[in-house]
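This note's numbering numbers the first residue of the sequence shown as 811 and each following residue consecutively.
The structure appears below as structure tokens.
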Amino acid sequence: MSIPVIVDCDPGHDDAVALWLAAGHPALDLLAVTTVGGNVPLEHTSRNARIVLSVAGVEGVPVAAGAAGPLARELVTAEWIHGANGLGGPELPEPTIPLDPRPAAELMADTLEASAEPVAIIATGPITNVAVLLRDRPDLAPRIREIVWMGGSTERGNATPYAEFNALVDPEALALVLSSGIRFTMVGLNVTHLALVTPSVRAGLAAAGTRTAAFGDELLDFFCRTNAEVFGMPDGPLHDPVAVAVLADPGCVRLRRTRLDVELAGTETLGATSVDFDGMLGREPNAWVAVDLDVERFWAGVVDAVSRLA
Ligand code: BDR
Ligand code: CA
811 MSIPVIVDCD PGHDDAVALW LAAGHPALDL LAVTTVGGNV PLEHTSRNAR IVLSVAGVEG
871 VPVAAGAAGP LARELVTAEW IHGANGLGGP ELPEPTIPLD PRPAAELMAD TLEASAEPVA
931 IIATGPITNV AVLLRDRPDL APRIREIVWM GGSTERGNAT PYAEFNALVD PEALALVLSS
991 GIRFTMVGLN VTHLALVTPS VRAGLAAAGT RTAAFGDELL DFFCRTNAEV FGMPDGPLHD
1051 PVAVAVLADP GCVRLRRTRL DVELAGTETL GATSVDFDGM LGREPNAWVA VDLDVERFWA
1111 GVVDAVSRLA
């Protein structure tokens, strides 16, 4: 039995591979894709999601656009990593998949209501759309199996010294989602920095020989170059697919139960995730946090998924 999932994303190079892992992995049933303004503005992320699925030959999965920006702040973007259009590198084809006219939260709600069993939401961008859904349709919480989010860190940040990008962009949305009581897993930089796009990872992916693999190789070439320039990491960390792997192959990612909060008011620490492994705050645990990754198994799953696509 596969797990029904919605992927909420802001493609983005690593979001692209996350979509392919979700679409190609036999353990997952991708029901819908929603987009959010994040790495680049919403018009690009919405087009990019459709391009990424079109290249992979994925059909019958609706794609809807959601929030253009965070709940309570101005959007911060990340063109310096992902390029002006969010998918720097390859020449982008026209998407063959239309944009669903529904707002993202409405598509999510319809998908949850139509599914015979609770649906998991995998969020790989600022978590605004999920917050909007929970704010406007709290009655649907029992229809959500769990939420897995790429963002935050048990350590330091990548957008500011203390904040990871997705957490920094919409910390209020993260706080709202955390307060929902729905099972929540944070997949942060402490683990995604193990998912490095080494030359041998690239060779393995390219060897899949599919159209998707060839397009992906061009994406990864660009992504590794910008990560080398910006972070001094020529083997760029491919964050977002790790969140998909949590559901696709649970043995691949080790989780720990803990208290998780997010900084909403810091002068230097806005968006920092507070992970209280030692229970110092005396608060009830409210989340699972990824603490380790079986790197080889993870990449084998990605290559296998990409091999199954066009
Ligand atoms: C996260 O920020 C974005 O740039 C990536 O797509 C990923 O979701 C990593 O901090
Ligand atoms: Ca992302």
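Virtual Cβ for every residue (Gly too), placed ideally from N, Cα, C.
Fair warning: this is a prediction, and the values are worked out from it, not measured in the lab.
Do you know offhand how far residue i's Cα is from residue j's?
i	j	result
Leu1119	Val868	8 Å
Arg1067	Ala1005	22 Å
Ala951	Ala1097	16 Å
Gly1081	Tyr972	8 Å
His1049	Ala977	13 Å
Ala930	Met811	14 Å
Arg1093	Met1043	36 Å
Thr854	Arg945	Residue identity check: residue 854 is His in the sequence provided, not Thr. Roughly 25 Å separates the two Cα atoms.
Val1056	Cys1062	7 Å
Ile954	Leu922	7 Å
Asp818	Pro936	9 Å
Val1085	Thr964	6 Å
Ser1010	Asp1045	10 Å
Phe975	Arg1035	19 Å
Leu852	Pro903	18 Å
Thr970	Gly962	11 Å
Any idea if residue i is buried or exposed, counting beta-carbon neighbours within 10 angstroms, 16 or more meaning buried?
i	result
Ser989	exposed
Val1131	Residue 1131 lies beyond the range of the chain shown here (811 to 1120); nothing can be said about it.
Leu1091	exposed
Ala882	exposed
Gly991	exposed
Gly1089	exposed
Pro981	buried
Phe1108	buried
Ala894	exposed
Pro814	buried
Arg860	buried
Gly899	buried
Thr845	buried
Glu1196	This structure gives no information on residue 1196, because the portion of the chain shown stretches from 811 to 1120.
Thr934	buried
Ser856	buried
Gly998	buried
Pro821	buried
Thr1020	buried
Asp824	buried
Tell me the residue span of the alpha helix (DSSP H) that contains residue i.
i	result
Asp774	What the structure shows of the chain is the stretch from 811 to 1120, and residue 774 is not part of that stretch, so it cannot be assessed.
Leu1048	First-last for Leu1048: undefined, no H or E at that position.
Val1105	Val1105 to Ser1117
Glu889	Glu889 to His892
Val1007	No alpha helix (DSSP H) contains Val1007, which DSSP labels as neither H nor E.
Thr1002	Leu999 to Thr1002
Arg945	Thr938 to Asp946
What is the DSSP secondary structure of residue i, counted as helix, strand or coil?
i	result
Arg1066	strand
Leu852	helix
Phe1087	coil
Asp910	strand
Asp980	coil
Met918	helix
Asp1102	strand
Val929	strand
Ala828	helix
Ala882	coil
Ala924	helix
Ala1017	coil
Ala1097	strand
Which residue comes first and which comes last in the beta strand (DSSP E) that contains residue i?
i	result
Leu838	Leu838 to Thr845
Asp818	Ile813 to Cys819
Thr1036	Counting along the chain, Thr1036 falls outside any beta strand (DSSP E), though it belongs to the alpha helix (DSSP H) covering Arg1021 to Phe1041.
Ala874	Val873 to Ala875
Arg955	Ile954 to Met960
Is the separation between the beta-carbon of residue i and that of residue j shorter than 8 Å?
i	j	result
Val1001	Leu838	no
Leu1065	Ala1100	yes
Ala842	Val958	no
Leu831	Pro1051	yes
Asp920	Val873	no
Ala941	Val987	yes
Val865	Thr1022	yes
Pro928	Gly876	no
Ala983	Thr938	yes
Thr1083	Met960	no
Ala1126	Leu1029	Here the chain has residues from 811 to 1120 only, and residue 1126 is not among them.
Val1116	Gly834	yes
Val979	Pro880	yes
So with Cβ pairs under 8 Å, would you call residue i a contact of chain B?
i	result
Leu1065	No chain B is present in this structure, which holds just one protein chain.
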